[in-house]
Structure formats: structure tokens, C-alpha cells
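A.B. asks: This is the structure I want to talk about, given as C-alpha cells.
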Amino acid sequence: MHMSSYKEFHRRSIEDRDGFWAEQARLVDWHKPAEQVCDFSHPPFVKWFKGGETNLCHNAVDRHAAKRPDDRALIYISTETNEEKVYSFAELQREVERMAAIYQDLGVQRGDRVLIYMPMIAEAAFAMLACARIGAIHSVVFGGFAAGSLATRIDDAKPVLMVSSDAGMRNGRPVPYKHLVDEACKLAEFPPAKVLLVDRGLDKGFPRVEGRDVDYATLRAKHIDARVPVTWLESSEPSYILYTSGTTGKPKGVQRDTGGYTVALAASMQHIFTGFAGETMFSTSDIGWVVGHSYIVYGPLIAGMATVMYEGTPLRPDAGIWWQIVEKHKVNVMFSAPTAVRVLKKQDPAFLKKYDLSSLKHLFLAGEPLDETSHKWIMDELNIPVIDNYWQTETGWPMLAICRGVEQSRIKLGSPAFPVYGYDLRIFREDGTECGPDEKGIVGILPPLPPGCLSTVWGQDERFVSTYFSLFQDPVVYSSSDWGIKDADGYHTILGRMDDVINVAGHRLGTREIEEAVQAHSAIAEVAVVGVADEVKGQMPMAFAVVKNAADVDTAEKRAALEKDVMKTVDNLLGAIARPSRVHFITGLPKTRSGKMLRRSIQALAEGRDPGDLTTIDDPSTLEQIKAALAG
Ligand code: ATP
Ligand code: MG
75 MHMSSYKEFH
85 RRSIEDRDGF
95 WAEQARLVDW
105 HKPAEQVCDF
115 SHPPFVKWFK
125 GGETNLCHNA
135 VDRHAAKRPD
145 DRALIYISTE
155 TNEEKVYSFA
165 ELQREVERMA
175 AIYQDLGVQR
185 GDRVLIYMPM
195 IAEAAFAMLA
205 CARIGAIHSV
215 VFGGFAAGSL
225 ATRIDDAKPV
235 LMVSSDAGMR
245 NGRPVPYKHL
255 VDEACKLAEF
265 PPAKVLLVDR
275 GLDKGFPRVE
285 GRDVDYATLR
295 AKHIDARVPV
305 TWLESSEPSY
315 ILYTSGTTGK
325 PKGVQRDTGG
335 YTVALAASMQ
345 HIFTGFAGET
355 MFSTSDIGWV
365 VGHSYIVYGP
375 LIAGMATVMY
385 EGTPLRPDAG
395 IWWQIVEKHK
405 VNVMFSAPTA
415 VRVLKKQDPA
425 FLKKYDLSSL
435 KHLFLAGEPL
445 DETSHKWIMD
455 ELNIPVIDNY
465 WQTETGWPML
475 AICRGVEQSR
485 IKLGSPAFPV
495 YGYDLRIFRE
505 DGTECGPDEK
515 GIVGILPPLP
525 PGCLSTVWGQ
535 DERFVSTYFS
545 LFQDPVVYSS
555 SDWGIKDADG
565 YHTILGRMDD
575 VINVAGHRLG
585 TREIEEAVQA
595 HSAIAEVAVV
605 GVADEVKGQM
615 PMAFAVVKNA
625 ADVDTAEKRA
635 ALEKDVMKTV
645 DNLLGAIARP
655 SRVHFITGLP
665 KTRSGKMLRR
675 SIQALAEGRD
685 PGDLTTIDDP
695 STLEQIKAAL
705 AG
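So in the working numbering, the last one in the sequence shown is 706, and the numbering has no gaps at all.
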């Protein structure tokens with residue numbers, strides 16, 4: 075695409091919405107073209123490409139297999155089991171057809187739900203794509219969730235089939251899956267009739283339930299020659315359900331359509347990620363999260379790229395593993411999270427210089443605020459543009475980003491930049507009027523939401539309206555529940571979640587602002603700031619920080635000195651009003667398994683309350699550290 079002004083590109087996407095999206099729709103194959111680009115006759119519900127018929131799996135796999143059968147499609151790498159396998163588009167298509175035939179054999183029909191609870195193995199991608207192929211609705215549940223969380227999601231989605239595995243592997247140790255499946259099925263009110271199991275041989279002798287459990291290898295052999303044509307779906311038919319990360323409590327079942335999502339991903343691969351057929355993308359997320367759906371499985375494949383599916387951590391066998399993968403497979407586009415950058419910051423930077431990273435064009439980061447210090451650090455280390463992008467499970471693809479495929483706008487450190495085309499994103503005051511430049515407010519989107527965003531909350535249209543569209547009566551806007559700000563140049567910054575805003579003596583501060591200031595201190599690798607109730611000031615910020623170098627805080631004297639010094643940094647950058655009452659030093663922060671800070675739980679502990687629902691926590695010992703720090 076020729077270089078044009080991004081501003082104009084965005085303006086057209088809003089003002090000539092139908093023309094713009096009709097053009098984008100040409101990036102994908104349609105069995106039957108749409109009758110109407112955007113049906114917004116029942117706001118806030120929207121139907122994109124109404125009457126059109128397409129298929130996600132066809133666009134991700136078949137159309138490339140037809141033209142470039144031998145090109146690489148899926149690169150499966152496990153540093154846990156030391157396996158590596160590359161599937162061409164032709165091979166991927168056959169595996170997906172086998173899986174689809176197994177589904178049909180097990181009675182799965184169009185519109186049925188299939189719950190996928192799997193480690194990061196190639197079969198998980200086959201399982202997702204096979205659903206898309208036959209019009210079954212997948213619901214992938216992150217493999218780290220315990221039986222209780224799994225059972226809640228089973229009961230919400232009511233799957234006819236579950237696909238799982240004997241075990242996953244994490245840090246060299248097997249993590250049982252099958253046991254959790256059995257437990258969840260016992261807890262659930264609506265357990266599936268069948269459970270399809272990929273036996274990796276990691277958990278020998280796992281129990282099998284007679285009549286319910288079936289073996290993948292056996293059925294694959296039975297259907298080895300199966301050819302299963304794609305089922306053409308009307309654009310609005312659901313492709314999948316995905317529960318939000320659950321950082322703020324009860325997860326919501328985000329329902330995604332078929333046509334709008336396919337188009338949104340295809341367009342984003344060009345305009346945002348600049349990924350093209352024949353290239354390789356490596357997203358370090360998990361299929362259990364939205365990034366895994368959009369940018370491990372569907373997005374890159376729709377673009378005709380090879381996608382890396384990686385089972386392993388960023389630090390095993392050493393902190394160079396990601397870069398080794400980039401060198402070996404000539405990765406062009408990489409996608410990760412700020413939390414991973416902060417992990418790498420604590421490692422020897424030599425790992426980043428050890429490999430040939432010349433294939434890499436961009437690194438994209440999303441999921442949490444990317445502080446300026448970490449943004450600068452990783453950009454300097456890699457010497458490529460690092461693009462912060464802001465979005466949610468609900469939207470399925472970025473809402474704020476620099477669209478480098480359209481215009482190579484300047485990167486501002488710590489800012490995910492501009493509203494992405496299709497999103498009429500604005501910052502609102504609490505009364506529904508729009509904020510001016512540099513004025514903090516709520517990040518909202520004027521509907522209709524663009525293609526690819528959630529069409530509703532699964533089975534709960536009412537909840538879709540009340541959760542997302544009831545912030546104001548007039549105007550009706552989609553509320554992101556995030557707090558943000560836009561500067562005079564149009565660059566946006568996310569200041570944190572609305573519920574996390576800290577109110578110090580009448581001044582409202584986003585957790586992000588204070589965290590940013592603490593991070594600016596050269597000794598700090600990572601920090602969480604929460605508001606703690608204070609009789610005089612309403613709330614006082616309190617910081618929990620992780621240092622880069624443990625020796626900086628190995629005595630009480632050093633801790634006290636560093637605490638003072640960090641406070642001084644905050645004073646200098648934000649003023650004394652934002653100074654944390656305390657800076658506690660710990661070695662790890664409580665996060666969800668998707669790498670998001672559990673600020674609410676930290677705050678509860680700091681106020682002597684119960685930390686709440688911790689089913690999504692990655693490392694429970696971090697809470698013990700916080701308790702110990704608070705106890706002095
Ligand atoms: P739940 O909605 O169930 O509480 P969650 O909001 O953590 O879970 P996700 O949809 O995975 O689930 O996360 C989206 C949120 O992550 C955003 O609303 C925002 O708070 C945060 N976020 C994502 N990307 C960025 C970014 N680039 N900068 C700042 N915050 C971000
Ligand atoms: Mg959310």
C-alpha cells in the first residue's frame with residue numbers, strides 16, 4: 075500500500091464506514107458476498123457483512139494451501155519436551171481435516187460448542203481450526219486454570235465435546251491436565267458427553283472414563299485420509315467464545331462473529347503488524363488468551379504467514395531462547411507483553427546481542443501499560459521500532475496503535491498512540507462530555523464497534539448492554555473501563571483501570587502515573603502501586619517494587635536508602651502529592667497467568683482485607699511476600 079496520511083485513513087474509516095470496510099473485506103475470500111456492510115439497526119448490536127458467507131479456516135488455511143502448499147504455516151517449538159515440527163499449509167490443512175472428521179465422528183454439529191483445554195501444542199491449533207472449519211464454536215480455556223475455573227466456563231458454554239491432553243509442561247515439570255478435566259467435569263452441571271485426549275505420554279496411567287474419553291491418535295488413524303469441506307457460515311454466525319482474563323472478577327464470555335473477525339484480522343495484519351505471506355510471526359502469548367486467538371492462530375495464517383507456537387518460558391534454557399527462535403526461523407514480526415520485557419530487563423542484556431535479529435521488523439507489546447523506561451530499554455536493545463498497542467479481549471484486535479502499514483508515525487515512549495481505523499475512540503468526562511487535550515477521562519468508543527469486536531456476551535445480550543454500554547444515557551458509548559488521556563498531538567496514554575484510580579486529597583491519579591515514576595529509578599525492574607485508604611488524605615499510594623539487582627536491597631539500611639531515593643524520584647517527576655507512603659521491596663508481584671498485575675488483591679491486603687478471587691494468580695507466594703512486607 076502506498077504511503078498516505080494515517081489521519082485521513084482513520085477519518086475515512088469513520089466517515090465512509092461502509093466504503094472503507096467493503097474495501098477491507100476484499101482481503102478475504104467470500105463464498106457469497108455481503109448484502110449489507112454494516113447493519114446497525116438494533117444498537118448497540120451490530121452485524122458486519124450481513125448476508126455474506128465465508129469461513130475462517132478457509133481463509134487461514136485452505137486458500138494458502140491451494141496456492142502455496144509447501145510454504146511453512148505452523149512452527150511448533152517446545153523447549154519443554156525439546157520438540158520442533160514445521161507444518162506446511164498443505165500439511166496443516168490435512169491435520170485440520172482429520173480433526174474435523176473426528177469431531178463429526180463424535181457428533182459435533184454446526185453451532186455446537188467445543189471446549190479446548192490444552193497446552194501449547196500443534197494439536198491445539200488443529201482443534202481450533204477444525205471447529206472453524208465445520209462451524210462449531212470453540213471456547214478455549216487457558217491451560218493454567220484450575221478445575222473450579224474450568225467448571226464455571228464449562229457450565230457457561232455447555233460444550234458437547236472437550237479436547238484436552240494428558241499434561242502440559244512448565245519449567246521442565248509436567249502439569250497435569252487430565253486430572254483437572256475429570257475434576258471439572260465432576261464439579262460442572264453441564265459436563266460434555268465426550269472428551270478427546272491427545273496423549274503426549276507425559277502423564278503415564280492417567281485415568282480414563284469409560285464411554286466418555288476417546289483417544290486422539292486412534293481416531294486420527296481412523297480418519298487419516300479424511301477430506302472435510304469447509305462449512306460456509308453467514309458472517310454473523312459465532313466463531314468462538316472467549317472468557318476475559320478475569321483480572322477484575324467474574325469473566326465475561328466474549329462472543330465473536332465469523333466474517334467481521336476474519337476481515338478485521340486480515341486488515342490488521344497489513345495496516346498494523348505489517349506481516350505478509352511468506353513471512354513469520356512469533357507471538358509469545360498462549361492460545362488461552364485473546365492474543366493467542368488473534369495473533370498466534372488466526373491473524374498470521376490469514377495473512378499467509380508462518381506462525382510460531384511456542385511451549386516454554388522466556389528464560390529456559392536461558393534468557394536468549396526467544397532470540398534464538400527469531401534467528402533460526404527468521405521471525406519478521408514479534409508480539410509480546412510488557413511484563414515479559416520487565417522479566418528480560420532483569421537478565422543479562424548480552425542475550426539480546428547473541429543472535430542475528432536482522433529479520434525482525436517490529437516488536438509489538440500489549441496487555442498492560444508499557445512504562446517509558448522499559449519501552450526505551452527494549453527499543454535500544456533491539457534497535458527496531460517497538461509498538462505499544464492497547465486493546466481488550468472484547469475488541470479482539472488493537473484499539474490504539476501506530477498503524478505502520480499506513481504511515482510510519484513517530485513513536486512516543488509510553489504511548490500506544492492513536493485510535494486505530496474503525497474505532498471512533500474518545501476520552502470522556504464522567505458526565506459524558508468529551509475531555510480536552512491532557513485531561514484525564516474514560517476511554518470510550520462511539521458505536522458501532524468495528525468488525526472483529528465482540529458481538530455480544532455469550533447467551534446474555536442484556537449483560538452485553540449493561541456491562542459495556544450503560545456508562546452514559548447520552549451519548550451511548552462502549553466503555554473500556556480504562557482511564558486514559560490524550561495529548562495535544564493526539565497521542566493517548568492508558569492510565570490504568572477506572573476502579574484502580576487513586577484519589578489523594580482530591581487529586582485523581584492513575585496507578586500508571588506513579589508506577590511510571592517509580593520505574594524511572596534505575597534500580598527498579600518492576601512495580602505495582604495501589605491506593606490504600608487513609609483517614610486524612612482519602613487514599614495514599616503504596617508501592618511494591620522489584621529491583622533489578624537483589625544486592626541493592628539485601629540489608630535494612632540499603633532498603634531504607636533506596637526507598638527514600640525512589641520517593642525522591644517520584645517527588646521530582648510528579649510532585650510530593652504522588653509520593654508513595656511506603657515503597658516495599660519484594661522479589662515478585664502477584665499477576666494473573668496472562669501477566670496482568672492483580673492490583674486489587676494487593677490493595678485488599680494493604681487495607682487488611684481478603685485478597686478475593688485468586689483463581690487466576692500465577693504465583694501465590696507473591697501474596698505471602700506482600701503480607702510479610704506489610705507486617706514489617
Ligand atoms: P477482566 O475484564 O475479566 O477483568 P482483563 O481486563 O484483564 O480481564 P483482557 O481483556 O485480557 O482482560 O485485558 C484488557 C485490559 O488490559 C485493558 O482493558 C487494559 O486495562 C489492559 N491493557 C491492554 N493493553 C494495554 C496497553 N497497551 N496499555 C495499557 N493497558 C493495557
Ligand atoms: Mg477487562
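Built from N, CA and C at the ideal position, the CB exists for glycine as well.
Nothing here was measured: the structure is a model prediction, and the numbers come from that model.
Please check the pair P654 and I700, which I expect to be a contact at CB under 8 Å, by giving their CB distance rounded to whole angstroms.
C.D. replies: The pair is not a contact, with the Cβ atoms about 14 Å apart (cut-off 8 Å).
A.B. asks: On the DSSP bridge assignment, give the partners of M355 in chain order.
C.D. replies: M355 is bridged to T381 and V407.
A.B. asks: With distance defined between alpha-carbon atoms, name the residue in I298, K665 and A300 nearest to G600.
C.D. replies: Note on identity: in this sequence residue 600 is Glu, with Gly being the wrong assignment. Cα-wise, what sits closest to E600 is K665.
A.B. asks: So I22 packs on G558, CB below 8 Å; how close in whole Å?
C.D. replies: In the structure as shown, the chain begins at 75 and stops at 706. Residue 22 is therefore absent and cannot be evaluated.
A.B. asks: Looking only at C-alpha atoms, which of L648, A625 and A652 sits nearest to V578?
C.D. replies: Closest by alpha carbon: A652.
A.B. asks: Am I right that V302 and G470 are in contact with their C-beta atoms under 8 Å? What's the rounded C-beta distance?
C.D. replies: With 8 Å as the limit, V302 and G470 do not qualify as a contact, their Cβ atoms being about 26 Å apart.
A.B. asks: Measure the CB-CB distance between Y150 and E442 and report whether it falls below 9 Å.
C.D. replies: Contact: no.
A.B. asks: Quick check on L688: buried or exposed, where buried means 16 or more other Cβ atoms within 10 Å of its Cβ?
C.D. replies: Counting Cβ neighbours within 10 Å, L688 comes out exposed, since fewer than 16 surround it.
A.B. asks: On a CA-only basis, which of I516, L431 and D563 is nearest F492? Give me that one, please.
C.D. replies: Of the candidates I516, L431 and D563, the one whose C-alpha sits nearest the C-alpha of F492 is D563.
A.B. asks: Whose CA, out of D512, G126, L663 and L437, lies closest to the CA of Y565?
C.D. replies: It is D512.
A.B. asks: How long is the line joining the alpha carbons of D103 and P525, rounded to whole angstroms?
C.D. replies: Between D103 and P525, the C-alpha separation is close to 16 Å.
A.B. asks: With distance defined between alpha-carbon atoms, name the residue in E157, L166 and T128 nearest to D145.
C.D. replies: Minimum Cα distance to D145 is reached at L166.
A.B. asks: With respect to 8 Å, is the separation between the Cβ of T666 and the closest non-hydrogen atom of the ligand MG below this value?
C.D. replies: False, no ligand heavy atom lies under 8 Å from that Cβ.
A.B. asks: Would you please state the rounded distance, in angstroms, between the beta carbons of T128 and G394? I believe it to be under 8 Å.
C.D. replies: So it is not a contact: roughly 41 Å between Cβ atoms.
A.B. asks: Check each candidate in I176, G218 and D179 and name the one with the smallest Cα separation from Y191.
C.D. replies: That would be G218, whose Cα lies nearest to the Cα of Y191.
A.B. asks: Please classify S309: is it buried, with 16 or more other beta-carbons within 10 angstroms of its beta-carbon, or exposed?
C.D. replies: Result: buried.
A.B. asks: Taking 9 Å as the threshold (C-beta atoms), are M383 and G349 in contact?
C.D. replies: No.
A.B. asks: Under 8 Å: does the beta carbon of L444 sit that close to some heavy atom of the ligand ATP?
C.D. replies: Yes - the ligand ATP has a heavy atom lying nearer than 8 Å to the Cβ of L444.
A.B. asks: What does DSSP give as the partner residues of Q329 in its beta bridges?
C.D. replies: DSSP lists I315 and T530 as partners of Q329.
A.B. asks: Rounded to the nearest angstrom, what separates K141 and P248 at their Cα positions?
C.D. replies: Each residue's Cα considered, the two are about 40 Å apart.
A.B. asks: Would you check if the distance between the CB atom of D230 and the CB atom of Y317 is smaller than 9 Å?
C.D. replies: In this structure, Y317 lies closer than 9 Å to D230 by Cβ.
A.B. asks: Could you pull the DSSP bridge partners for K486 from this structure?
C.D. replies: Answer is none; K486 lacks a bridge partner.
A.B. asks: Look up E508 in the DSSP assignment and say whether it is helix, strand or coil.
C.D. replies: Strand at E508.
A.B. asks: Helix, strand or coil for A424? Go by DSSP, reduced to three states.
C.D. replies: Of the three classes helix, strand and coil, the one that applies to A424 here is helix, per DSSP.
A.B. asks: Between Q398 and the rest of its own chain, which residues show a CB-CB distance below 6 Å, the 5 nearest in sequence each way excluded?
C.D. replies: Cβ within range, chain order: Y429.
A.B. asks: To the nearest angstrom, how far is it from the Cα of G327 to the Cα of A634?
C.D. replies: In a straight line, the C-alpha of G327 is about 46 Å away from that of A634.
A.B. asks: Note down, in chain order, each residue of its chain lying with its Cβ closer than 7 Å to the Cβ of A262, except the 5 sequence neighbours on either side.
C.D. replies: So the qualifying residues of the chain are A225, I228 and D229.
A.B. asks: Return the CA-CA distance between G242 and D639, expressed in angstroms with no decimal places.
C.D. replies: Whole-angstrom Cα-Cα distance: 43 Å.
A.B. asks: Spatial neighbours of E353 within its chain, please: CB distance less than 6 Å, with the 5 preceding and 5 following residues excluded, ordered by chain position.
C.D. replies: These residues qualify, in order along the chain: M379 and N406.
A.B. asks: Curious, which full-length alpha helix (DSSP H) runs of at least 4 residues does the segment 119-149 contain?
C.D. replies: Entirely contained in the segment 119-149, the alpha helix (DSSP H) runs reaching 4 residues are, in chain order, 137-141.
A.B. asks: By the 10 Å Cβ neighbour count, where 16 or more other Cβ atoms means buried, how is T381 classified, buried or exposed?
C.D. replies: Buried, by the Cβ-count rule.
A.B. asks: So, does the CB of M572 fall closer than 9 Å to a CB anywhere in chain C?
C.D. replies: Although the question refers to chain C, the structure presented lacks it and comprises just one protein chain.
A.B. asks: Nearest to Q344 by CA position, among Y314, K324 and A377, is which residue?
C.D. replies: It is A377 whose Cα lies nearest to the Cα of Q344.
A.B. asks: Counting C-beta neighbours from all protein chains within 10 Å, is the total for H581 16 or more, i.e. buried, or is it exposed?
C.D. replies: By the neighbour-count rule (16 or more Cβ atoms within 10 Å), H581 is not buried but exposed.
A.B. asks: Specify the secondary structure class of E547 as computed by DSSP and reduced to three states.
C.D. replies: According to the sequence displayed, residue 547 carries Gln and not Glu. The answer is coil: DSSP assigns Q547 none of H, G, I, E or B.
A.B. asks: In the DSSP assignment, find the beta strand (DSSP E) that holds C112 and state where it starts and stops.
C.D. replies: Where C112 is concerned, the enclosing beta strand (DSSP E) stretches over Q110 to H116.
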